[in-house]
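For the sequence shown, the UniProt record's numbering assigns the number 1 to the initial residue and increments by one for each residue that follows.
Every residue, glycine too, gets a C-beta built ideally from N, C-alpha and C.
Fair warning: this is a prediction, and the values are worked out from it, not measured in the lab.
Have a look at the structure below, then the notes.
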Amino acid sequence: MTNGGREALGRSRGGLTTKIHLVADRRCRPIARLTSPGQHADCPKFIALMESIRIPRRGVGRPRKKPARALADKAYTSRANRRYLRRRGIKAVIPVKKDQAAHRAGRGSKGGRPPVFDRDAYKERNTVERCVNKLRQHRAVATRYDKRERIYQGTIDVASIRIWLRHPAK
1 MTNGGREALG
11 RSRGGLTTKI
21 HLVADRRCRP
31 IARLTSPGQH
41 ADCPKFIALM
51 ESIRIPRRGV
61 GRPRKKPARA
71 LADKAYTSRA
81 NRRYLRRRGI
91 KAVIPVKKDQ
101 AAHRAGRGSK
111 GGRPPVFDRD
121 AYKERNTVER
131 CVNKLRQHRA
141 VATRYDKRER
151 IYQGTIDVAS
161 IRIWLRHPAK
């Protein structure tokens, strides 16, 4: 890693890797994004990603910053993330990892109540995966030719703009 670890390049067996953390709307268009080194955990990026959401309103007014619900995969499950969503009044649709559920069951009544999980709402989470696939159709995003993080984020922004131009808001 260069620049004190701020270039979002991670080293693993497969070589240099980067993760793209993404918020997408129902039409598979990117709303907000963050990058991190490939070996870093996803969970700590969740709050920063949620804070970066800005959806402009039609006409006048402040941009929307709070979605009705947050659909995320198991990598983003944690007490801190659920507490953050609860504090902001956002419904969490995040499955619990099996080891966390087993640990809670092992503690018995001291383990607490399991978080509510809506399976039907979770079926819509594929929109994020489809958005990532749309971004990765751009060769420069898929292979990351750029060494500097800000240049790579610019590449992701250009790919995002192309997605938005293909599927404009109604």
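Helix, strand or coil: how does DSSP classify residue i here?
| i | result |
| --- | --- |
| residue 16 | strand |
| residue 254 | Examination of residue 254 is not possible in this model, given that the chain is present from 1 through 170 alone. |
For residue i, which residues from the same chain have a beta carbon less than 7 Å from its beta carbon, with the 5 sequence-adjacent residues on both sides left out?
| i | result |
| --- | --- |
| residue 64 | 55, 57 |
| residue 21 | 33, 34, 36, 42, 45, 49 |
| residue 155 | 140, 141, 146 |
Excluding sequence positions up to five away, which residues of its chain have a Cβ less than 8 Å from the Cβ of residue i?
| i | result |
| --- | --- |
| residue 162 | 138 |
| residue 93 | 69, 70, 71, 72, 117, 118, 121, 122, 125 |
| residue 84 | 46, 47, 50 |
| residue 40 | 10, 19 |
| residue 1 | With a pLDDT of 44 at residue 1, under the threshold of 50, the modelled position of that residue is not reliable, and the figure given next carries that caveat. Around residue 1: 7, 9, 10, 11, 37. |
Between which two residues does the alpha helix (DSSP H) harbouring residue i extend?
| i | result |
| --- | --- |
| residue 9 | Here residue 9 belongs to no alpha helix (DSSP H), and DSSP marks it neither H nor E. |
| residue 102 | 98-106 |
| residue 139 | 139-143 |
From what residue to what residue does the beta strand (DSSP E) around residue i run?
| i | result |
| --- | --- |
| residue 32 | 30-37 |
Beta-carbon within less than 6 Å of residue i's beta-carbon, same chain only, minus the 5 sequence neighbours each way: which residues are those?
| i | result |
| --- | --- |
| residue 16 | 9 |
| residue 81 | 46 |
### Segments of 4+ residues assigned as alpha helix (DSSP H) that fall wholly inside the stretch 39-92
Taking 4 residues as the minimum length, the alpha helix (DSSP H) runs contained wholly in the stretch 39-92 are 46-51, 79-88, in order along the chain.
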